Amino acid sequence: SVGRTGVCFDNAMAESFWSTLKTEFYDRKRWPTRDAARQAVAYWIEAVYNRRRRHSALGMVSPVDFENHTSLTTSRKEIAA
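Heads up, the sequence shown is in this note's numbering, so the first residue is 374 and it goes up one at a time.
What follows is the structure in structure tokens.
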């Protein structure tokens with residue numbers, strides 16, 4: 374854990390991610406090689422976790438949708454100014 378002493382929430386998001394990865398992906402499959410496992414995990418993170426899976430910390434939207442909305446909102450504010 375990399376965080377401040379006595380603050381239990383510093384690592385909560387990372388712990389939540391690893392828990393989700395293990396529960397929804399890693400524990401359900403077997404791969405012939407480490408390289409195949411790495412490629413599958415990278416694909417799952419990019420295609421499922423970041424693009425489709427909704428996150429409670431982001432208002433139940435995917436990280437990609439959250440970033441797109443934030444960028445759009447910021448762009449509109451800059452245009453209006």
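Cβ coordinates follow ideal geometry from the N, Cα and C atoms, glycine included.
What you are looking at is a predicted structure, and each value in this text was computed from that prediction instead of being measured.
{"query": "Residue range of the alpha helix (DSSP H) that includes W391", "result": "A385 to E397"}
{"query": "Local Cβ density within 10 Å of Y422, reported as buried at 16 or more and exposed below that", "result": "buried"}
{"query": "CA nearest to the CA of M386, picked from H442, S429 and V437", "result": "S429"}
{"query": "Distance between beta carbons of W404 and A410, contact taken as under 8 Å", "result": "4 Å"}
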